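According to the UniProt record's numbering, the residues represented by the sequence shown are 1 to 172, in order.
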Amino acid sequence: MVDESMRRGYLLVAAVVMPDDVTATRRGVKSLVEPGQRRLHMVKESDSRRRLILQRMADLGCSATLYEAGAGHKSNITRRRACLERLVHDVVDTGAGTRLCLETAEGVDRRDQQQLLELVRRLQCRDILAYEHAHASAEPLLAVPDAIAWAWTRGGEWRRRAQPLVSSVVTV
Numbered sequence: 001m002v003d004e005s006m007r008r009g010y011l012l013v014a015a016v017v018m019p020d021d022v023t024a025t026r027r028g029v030k031s032l033v034e035p036g037q038r039r040l041h042m043v044k045e046s047d048s049r050r051r052l053i054l055q056r057m058a059d060l061g062c063s064a065t066l067y068e069a070g071a072g073h074k075s076n077i078t079r080r081r082a083c084l085e086r087l088v089h090d091v092v093d094t095g096a097g098t099r100l101c102l103e104t105a106e107g108v109d110r111r112d113q114q115q116l117l118e119l120v121r122r123l124q125c126r127d128i129l130a131y132e133h134a135h136a137s138a139e140p141l142l143a144v145p146d147a148i149a150w151a152w153t154r155g156g157e158w159r160r161r162a163q164p165l166v167s168s169v170v171t172v
């Protein structure tokens, strides 16, 4: 599950959910959605709910790798491109079958698809990497990278609360 934040630089969060855990984790995340909500979105939650969400995600065993791209890149487009490329290389290095689900964003999906297609061809990893874009309301697990990205970029207490969910931070 992949989401981004452009607050304080560029951050791409790739949350990992193991195949055997997808159903239980999805159910756990869905249970956090309150009546009347279509999805979890940290920007719209109260602080007490944010604390609960981060703790429940930690309890569910969620984890993520954070890809940070700084000022060495000329634009958010090149930052995202660098982060996605490193993410795909990391996936290929594991040798394990992976499904990337990226949160859909107008104007971004087409560039992502082209880049991912090129990377899959170049790295010859069609057999281990599948990818798609989805709306967060259709894929509850996209709330995981959203929550981690929100907390990490806020710093302070929020970053401390997200820390147990972060397996590594990669600078590209």
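Each residue gets a CB set at the ideal place from its N, CA and C atoms; glycine is no exception. None of the values given here were measured: they were computed from a predicted structure.
Query	Result
Looking at the secondary structure, which residues open and close the beta strand (DSSP E) in which A130 lies?	L129 to A134
Quick one: complete beta strand (DSSP E) runs, 3+ long, within the stretch 68–119?	98–103
Is A14 helix, strand or coil by DSSP?	strand
Can you check which of these residues, V88, A138 and V92, is closest to V33 by C-alpha distance?	A138
So does the stretch 65–74 actually touch the stretch 41–48, counting three or more Cβ pairs closer than 8 angstroms?	no
Counting Cβ pairs, one atom from each stretch, are 3 or more of them under 8 angstroms apart for the stretch 139–146 and the stretch 112–121?	no
Return the bridge partner residues of L66 from the DSSP annotation.	V13 and V169
Assign V22 to one of three DSSP states: helix, strand, or coil.	helix
By Cβ distance below 6 angstroms, which residues in the same chain neighbour G97 in space, the five residues on each side in sequence not counted?	I128
Between the C-alpha atoms of E157 and C125, what's the straight-line distance to the nearest angstrom?	39 angstroms
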